[in-house]
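Engineer: Sharing a structure below in structure tokens format, with a few things to ask.
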Amino acid sequence: MRAAVVVFPGSNCDHDTYYVLNDLLGIETDLVWYRQTDVDRYDLIVLPGGFAYGDYLRAGAIARFAPVVQALGEYIAKQRGIVLGICNGFQILTEAGLLPGALTKNISQRFICKTVQLRVENNATPLTHLFEYGQIINLPIAHGEGRYIAPAETLERLKRNRQILLTYHGENPNGSVDAIAAIMDETGTVFGMMPHPERNSERLFGSGDGLKIFQALIRELASSEPSNLRTF
Amino acid sequence: MHGLSEKEYETILKRLGRQPTEVELGLFALNWSEHCSYKSSKRFLKLLPTAGKRVLQGPGENAGVVEVANDWCVAFKVESHNHPSAVEPFHGAATGVGGIIRDILSMGARPIALLDSLRFGEQSRQLFTGVVAGIAHYGNCVGIPTVGGDIYFEEAYTDNCLVNVMCVGLLKRSELKRAIAQGVGNRILLVGARTGRDGIHGATFASEDLIGETAKKRPNVQVGDPFTAKSLIEATLEVCQFPELIGLQDLGAGGLSTAPAEMAARGGVGIAIDIEEIPLREESMTPYEILLSESQERMVLCVKSGSEQKFIRVYRKWGLEAAVIGEVIAERVYRVRHEGRTIAEVPIELLVGGVPEVDSFPSPPSLALSRPNPLAPFPLGEGSGERSWPASLKKLLQTPTIGSKRWVWEQYDHTVQTNTVIGPGSHDAAVLRVKGERFGIAVTMGGNGRYCQIDPYEGGIRAVCEGVHNLVSVGAEPLGITDCLNFANPTDPEVLWAFEQTIKGMAEAARAFELPFVSGNVSFYNQSEQRKIYPTPMVGMVGFVRDIEKRVPMGFAREGDRIYLVGKLEGKSGGSEYLKVFYNFGGGELEPTDLAVERALLQAMLALAERGLLRSAHDVSEGGLLVALAEKSIASGLGAQLELWDLSEETLFGEWPSRFVVTVAPGNEDALKEFVEGAGVPYRWLGVVGGDSLEMSGEKIAVQELVRAYESALRGIIAREP
Amino acid sequence: MKEFLVRVLVEPKPDLLDPQGQAVERAMIELGLRNVSQTRVGKLITFKLKALSAQAARERVAEIAQKFLANPVIERYSIELEEL
Amino acid sequence: MKEFLVRVLVEPKPDLLDPQGQAVERAMIELGLRNVSQTRVGKLITFKLKALSAQAARERVAEIAQKFLANPVIERYSIELEEL
Ligand SMILES: Nc1ncnc2c1ncn2[C@@H]1O[C@H](COP(=O)(O)OP(=O)(O)O)[C@@H](O)[C@H]1O
Ligand SMILES: [Mg+2]
């Protein structure tokens, strides 16, 4: 199994994510420069957190045109593997239209960094199958533009297909509609989440719920022929 | 003219033996500005101890470096951005962050943490929120966690806020770089952002009082670009691996008129640059403007001739500018050429460090001073007794200076890089792990100006001790100091006196702990027509946590743990927050610090932590004993039954040095006593951890209520919309 | 080639909540600007563009605004041209 | 009372660095919009305002723009009124 962590100018969680996959979980992982387009050799592609292109104009608005993101279209179309966007990565995926909706300025208009509680809304997915349905988990967030919004019909679809994976529990830190914190696409191979699993993957930093998310993806990939991933 | 004094101009004429050109005058104006030359402070800074067995790089480079363990070293320094922040809080603070990051980068270190110490007036909402937003904007985007600092609200800072930022970097011993140019024929590269008309004369601006004219003749506000800065960090760390890299230096205040000259001075060589090679942001900039520009996110590199392309390629890959703008020459001059013509040529020795030192004499304040008289009596009595301790405690917790700064640090990304084991909010110092190592690094920064206003010498001592206390509280051994000295106009003999006294105090304390000052910064002219700031030394410190698992928490750990005060129960409590809040009195007499006791305390506390005997520890500082206890409750949600007989306000809320509140597990009382007695330090049983409220002498207050008070402290300032 | 001063005005879609606009409106009212309503905060992107005709310029700007300057999910835009 | 549609256009001052403008310009060029220059990204604030006269409206808006909507140290603004 081989994983890629994409590096855009301005990415700043690339090394953190690489450390969890490569050093903690022992997955063969490459840091992949944003200009690279041959991504087929990877079973897992992570778009890490940070401020690609400074988040100028809108978070993800410039990065979405990067060659590597363009290449993702085909990668997803042929169900080659799993794509995970964390925080800024999530923003890039929505801007690119690879995930529905948009991530806008926090309702407070301020950046917010804290650990939040999340509720597992669907545990039958590659990202969440190590959690119980309805389980409350803890993960850090750190973003200024994490308020998820989408047209009513999109929200309907997300609910119908159970594409909403995590919601903020108790406090809704950024004002996301329906407290949405993580979603996936129809194919069940593209995932976006605002919380940072890589920041809670060691005992030093708390529950370790973050590590479970990476472990879930890896087991999923190991157990299923990457070419025909279970979809949900 | 150009902010040069008569005497300085004379010196230039004499040493140059001719009239300087306009451009040369510009060069002198910047290199000889207080900000860049330290002409008023040098002779006093010499008093600070700088040697130590762990010191790899002391003052004189862009940052200091100390060795930690297993070849790992930390580079750290603090820098002020007071005047720019007073003019434009958001960008002023943001570029302050950017500047200090590049100082750390210049040492070849990866920046791993930021801290900021801020001082505002009691009503300065816009400055406060603007500065915080600016720090968040820049720090969050460059991906360096902001893990600590402190904030005071005090009238003295109303017209002249203080924004001091400290950056800490990590490097291996072998990766250490210097800001040096050497080897005739080697190339000088300018990398990063393009050069524009930013902040021209910023350094001279920082070297005058912030009054009428100065306030008006603002340089163009410098706008920071954290995105470019992030790319600059990554690209620069990449080229730091190239053996052809000889030296590098950030462009700070002074821009191209100072940086190359400083590098040449260190290398004992000269440098010639060609103006037309410099990538510009706007055409039609004059050579004068180009040299004096303070555009951000730029660095100068000296590289082996022939290897230029290798370096340029890396910066281009990161979307940055990189151009060969000059070369190292044998003649020890800074030569500036424009289209083949030499438009400036000044001896390096004259330009760098050639400025005549200012020798005005410090003199102690006359008794006629309106400032709080150090000998004023402690006005106890009036009001005392009327208030029950829970009410007083709540009121203190609600003051912005003591209360929670959550609203601030939750806007800072303090967990990026996944090393933050102890972040902001609930501890005396932050603790970072080093991936793959057992040890950790503790960092802290702060300083109490009111103490220095009353007694700069004692205040200087306390500034250093406070840093030591903060590190020791988390179980860290102090390794080295960086400092930022914020003062008013140094041509005022009383200001200079306070400056000297503060440094003497800091030096005295540092010697007692055998701690070196490895870097720092001086910021003068912090005053307006109405007000001078308090003499305010900010002390930043780095500490060594031998085993990260043995770090000590601040909050109460378990029900039943025994609570002790280590240190004196009584003392003089001038300068305390209590006097300020309840008597609106900023004076009083300071209890002198006994450095022998401090030394012993340090040893005892470290030994206790080392043996895992401390269930929790917290130093007693602003707000005194009861506030320290309350903070331990707030941090943990656990209450305590306290047994104090003397309930005088002075005992409960007074501030004097050398005190910790610690807890130990039942059964470990004797072990504690042994170490503390052995150190010859007084100590006292305070009570037992337990319940959900603080109880004492029949009165109590719920921890929840303490939390509510504590967390509401900043509301008054923030709520003052807009 | 003619040169144009281009202004692209980007606004949150009318049917969407605009928290920033609300915050600004509250502040304006506090500052004494009564009788203010429906405040929206958007972006103003200005630049110079060389093109053969206003027509051509407008088309090319529309294309870039469509796919880049505005996010159709949440924003709408308008274009203003001024020949220099 | 008349009602006006007010537009306040806020831009970074010409001499100051506009990193956002730079990044946006680079992206536009990469996306094929050649011949573009001097890109600046600013704010667009729109709202409805009731006032006795256009004159009065303009004055009050100017005051609020001055002290709140724009930061005179780094930004300049212009006001557009349209009677409804
Ligand atoms: N108060 C101080 N204590 C110790 N060292 C200091 C102090 N002030 C300045 N220095 C040292 O003097 C040198 C010049 O400082 P500074 O001009 O702030 O550097 P830079 O231009 O890189 O910001 C640095 O090596 C700095 O560490
Ligand atoms: Mg420097």
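Protein chains in written order, with the working numbering: chain A, 1 to 232; chain B, 1001 to 1722; chain C, 2001 to 2084; chain D, 3001 to 3084. For every residue, glycine included, the Cβ atom is placed at its ideal position computed from N, Cα and C.
1) Return no unless some Cβ of chain D is closer than 9 Å to the Cβ of Phe-65 (chain A).
2) Considering only DSSP beta bridges, list what Trp-1072 (chain B) is partnered with.
3) Within 9 Å (strictly less), CB to CB, does Val-3041 (chain D) reach chain A?
4) Under the DSSP definition of a beta bridge, which residues are partnered with His-1618 (chain B)?
5) In the structure shown, what three-state DSSP assignment does Ile-1200 (chain B) receive?
6) Do you know how far the Cα of Leu-103 (chain A) is from the Cα of Lys-1317 (chain B)?
7) With DSSP collapsed to three states, give me the class of Pro-1111 (chain B).
8) By DSSP, does Phe-191 (chain A) sit in helix, in strand, or in coil?
9) How would you list, in chain order, the residues of chain B whose beta-carbon sits under 7 Å from the beta-carbon of Val-3073 (chain D)?
10) Using alpha carbons as the reference points, say which of B:Ala-1253, B:Gly-1255, B:Ile-1278 and B:Gly-1247 lies closest to Met-1263 (chain B).
11) Is Pro-3019 (chain D) helix, strand or coil by DSSP?
12) Among B:Lys-1014, B:Gly-1475 and B:Glu-1024, which has the Cα closest to the Cα of Thr-1342 (chain B)?
13) Distance cutoff 9 Å, beta carbons only. Does Ala-3056 (chain D) sit that close to anything in chain B?
14) May I have a chain-ordered list of the alpha helix (DSSP H) segments no shorter than 4 residues that lie completely inside the region 1654-1722 of chain B?
15) Just confirm the distance between the C-beta atoms of Asn-1031 (chain B) and Ser-1040 (chain B), as a whole number of angstroms; I'd bet it's less than 8 Å.
16) Please list, in chain order, all residues of the same chain as Asn-122 (chain A) whose beta carbon is under 6 Å from its beta carbon, the five residues on each side excluded.
17) Does Phe-1120 (chain B) come out as helix, strand or coil in the three-state DSSP assignment?
18) Looking at chain D, is there any beta carbon in it that lies within less than 9 Å of the beta carbon of Ile-2079 (chain C)?
19) For Gln-2038 (chain C), does the three-state DSSP call read helix, strand or coil?
20) Looking at chain D, is there any beta carbon in it that lies within less than 9 Å of the beta carbon of Glu-2011 (chain C)?
21) So, is Asp-1692 (chain B) buried or exposed, given that buried needs 16 or more other C-beta atoms within 10 angstroms?
22) How big is the Cα-Cα spacing for Glu-186 (chain A) and Val-1661 (chain B)?
23) Would you please verify whether the beta carbon of His-1427 (chain B) is less than 9 Å from any beta carbon of chain A?
24) By Cβ distance below 6 Å, which residues in the same chain neighbour Glu-95 (chain A) in space, the five residues on each side in sequence not counted?
25) By Cβ distance below 7 Å, which residues in the same chain neighbour Leu-1626 (chain B) in space, the five residues on each side in sequence not counted?
26) Evaluate Asp-40 (chain A) with the Cβ neighbour count: other Cβ atoms within 10 Å of its Cβ, from every protein chain shown; 16 or more gives buried, anything less gives exposed.
27) Could you tell me whether the Cβ of Ala-3062 (chain D) comes closer than 9 Å to any Cβ of chain B?
28) Here's the rule I'm using: 16 or more other beta-carbon atoms within 10 Å means buried, otherwise exposed. How should Asp-3018 (chain D) be labelled?
29) Closest by CA to Asp-14 (chain A), which one among A:Ile-27, A:Asp-23, A:Met-1 and A:Leu-31?
30) How many Å lie between Glu-1234 (chain B) and Leu-1190 (chain B) at the Cα?
31) Does Ser-2053 (chain C) get closer than 9 Å to chain D when you measure Cβ to Cβ?
32) Report the rounded CA-to-CA distance for Phe-1120 (chain B) versus Ser-1085 (chain B), giving the unit in angstroms.
33) Since Arg-1332 (chain B) and Gly-1425 (chain B) are thought to touch, with beta carbons under 8 Å apart, how far apart are those beta carbons, to the nearest angstrom?
34) Which ranges does the beta strand (DSSP E) cover as unbroken runs of at least 3 residues, wholly within the region 1528-1599 of chain B, from first to last along the chain?
35) Report the three-state DSSP secondary structure of Lys-1046 (chain B) (helix, strand or coil).
36) Run through DSSP, which three-state label would Glu-1466 (chain B) get?
Structural biologist: Let me spell this out:
1) Reading the first sequence from its first residue, position 65 is the one you call residue 65 (chain A). So, interface residue.
2) The residue you call residue 1072 (chain B) lines up with position 72 of the second sequence. In the DSSP assignment, Trp-1072 (chain B) forms a beta bridge with B:Ala-1069 and B:Lys-1172.
3) On the fourth sequence, position 41 is the one that residue 3041 (chain D) refers to. Against chain A, the CB of Val-3041 (chain D) has a partner CB under 9 Å away; the residue lies at that interface.
4) Numbered from its first residue, the second sequence carries residue 1618 (chain B) at position 618. DSSP links His-1618 (chain B) through a beta bridge to B:Val-1661.
5) Translated into positions along the second sequence, residue 1200 (chain B) becomes position 200. Coil, per DSSP.
6) The count along the second sequence starts at 1 and reaches residue 1317 (chain B) at position 317. The count along the first sequence starts at 1 and reaches residue 103 (chain A) at position 103. Near 29 Å, if we compare the C-alpha coordinates of Leu-103 (chain A) and Lys-1317 (chain B).
7) Here residue 1111 (chain B) refers to the residue found at position 111 of the second sequence. Pro-1111 (chain B): strand per DSSP, three-state reduction.
8) Taking the first residue of the first sequence as position 1, residue 191 (chain A) is located at position 191. DSSP places Phe-191 (chain A) in strand when its eight states are reduced to three.
9) Reading the fourth sequence from its first residue, position 73 is the one you call residue 3073 (chain D). The CB of Val-3073 (chain D) comes closer than 7 Å to the CB of Val-1087, Glu-1088 and Val-1221 in chain B, given here in chain order.
10) As a working note, residue 1263 (chain B) is residue 263 in the second sequence. Of the listed residues, the one whose Cα sits closest to Met-1263 (chain B) is B:Gly-1247.
11) Taking the fourth sequence and counting its residues from 1, the one referred to as residue 3019 (chain D) is at position 19. Under the three-state reduction of DSSP output, Pro-3019 (chain D) falls in the helix class.
12) The count along the second sequence starts at 1 and reaches residue 1342 (chain B) at position 342. Restricting attention to B:Lys-1014, B:Gly-1475 and B:Glu-1024, the CA atom closest to the CA of Thr-1342 (chain B) is found in B:Glu-1024.
13) Within the fourth sequence, residue 3056 (chain D) is the residue found at index 56, counting from 1. Not closer than 9 Å to any Cβ of chain B, the Cβ of Ala-3056 (chain D) fails to qualify, so no.
14) You should have 1669-1678, 1703-1711 and 1715-1718.
15) Within the second sequence, the letter at position 31 stands for residue 1031 (chain B). Within the second sequence, the letter at position 40 stands for residue 1040 (chain B). Incorrect: roughly 15 Å between the Cβ atoms, too far for contact.
16) Indexing the first sequence from 1 puts residue 122 (chain A) at position 122. Result list for Asn-122 (chain A): Arg-162 and Leu-165, in chain order.
17) In the second sequence, counting from the first residue as 1, residue 1120 (chain B) sits at position 120. Strand, per DSSP.
18) Sequence index remark: in the third sequence, residue 2079 (chain C) carries index 79 (1-based). With 9 Å as the cut-off, Ile-2079 (chain C) does not count as an interface residue toward chain D.
19) Taking the first residue of the third sequence as 1, we reach residue 2038 (chain C) at position 38. DSSP, read as helix, strand or coil, puts Gln-2038 (chain C) in strand.
20) Reading the third sequence from its first residue, position 11 is the one you call residue 2011 (chain C). The beta carbon of Glu-2011 (chain C) sits closer than 9 Å to some beta carbon of chain D.
21) By one-based count along the second sequence, residue 1692 (chain B) stands at place 692. Exposed.
22) One-based indexing of the first sequence puts residue 186 (chain A) at position 186. One-based indexing of the second sequence puts residue 1661 (chain B) at position 661. Approximately 57 Å between the Cα atoms of the pair.
23) In the second sequence, counting from the first residue as 1, residue 1427 (chain B) sits at position 427. Taking a beta-carbon distance threshold of 9 Å, His-1427 (chain B) does not count as an interface residue toward chain A.
24) By 1-based counting over the first sequence, the position of residue 95 (chain A) is 95. Excluding residues within five positions, the ones whose Cβ falls inside 6 Å are Gly-60, Ala-61 and Arg-64.
25) Here residue 1626 (chain B) is taken as the residue at index 626 of the second sequence, counted from 1. Here the set comprises Trp-1389, Leu-1393, Leu-1652 and Phe-1653.
26) For this step, residue 40 (chain A) is matched to residue 40 along the first sequence. Counting every other CB atom within 10 Å of its CB across the protein chains shown gives Asp-40 (chain A) a total below 16, marking it as exposed.
27) Position 62 of the fourth sequence, counted from the start, is the residue given in the question as residue 3062 (chain D). Taking CB atoms only, Ala-3062 (chain D) has no neighbour in chain B less than 9 Å away.
28) Translated into positions along the fourth sequence, residue 3018 (chain D) becomes position 18. Buried.
29) Here residue 14 (chain A) is taken as the residue at index 14 of the first sequence, counted from 1. For the residues A:Ile-27, A:Asp-23, A:Met-1 and A:Leu-31, the minimum Cα distance to Asp-14 (chain A) belongs to A:Leu-31.
30) By one-based count along the second sequence, residue 1234 (chain B) stands at place 234. By one-based count along the second sequence, residue 1190 (chain B) stands at place 190. So the alpha carbons of these two residues sit roughly 16 Å apart.
31) What you label residue 2053 (chain C) is simply residue 53 of the third sequence in a count that begins at 1. No, its Cβ sits nowhere closer than 9 Å to a Cβ of chain D.
32) By 1-based counting over the second sequence, the position of residue 1120 (chain B) is 120. By 1-based counting over the second sequence, the position of residue 1085 (chain B) is 85. Cα-Cα distance, rounded: 11 Å.
33) Within the second sequence, numbered from 1, the residue matching residue 1332 (chain B) stands at position 332. Within the second sequence, numbered from 1, the residue matching residue 1425 (chain B) stands at position 425. The Cβ separation is near 52 Å, so there is no contact.
34) The DSSP assignment places complete beta strand (DSSP E) segments of no fewer than 3 residues inside the region 1528-1599 of chain B at 1536-1545 and 1562-1566, in order along the chain.
35) For the purposes of this step, residue 1046 (chain B) is taken as residue 46 along the second sequence, with counting starting at 1. Coil, per DSSP.
36) Numbered from its first residue, the second sequence carries residue 1466 (chain B) at position 466. Three-state result, Glu-1466 (chain B): helix.
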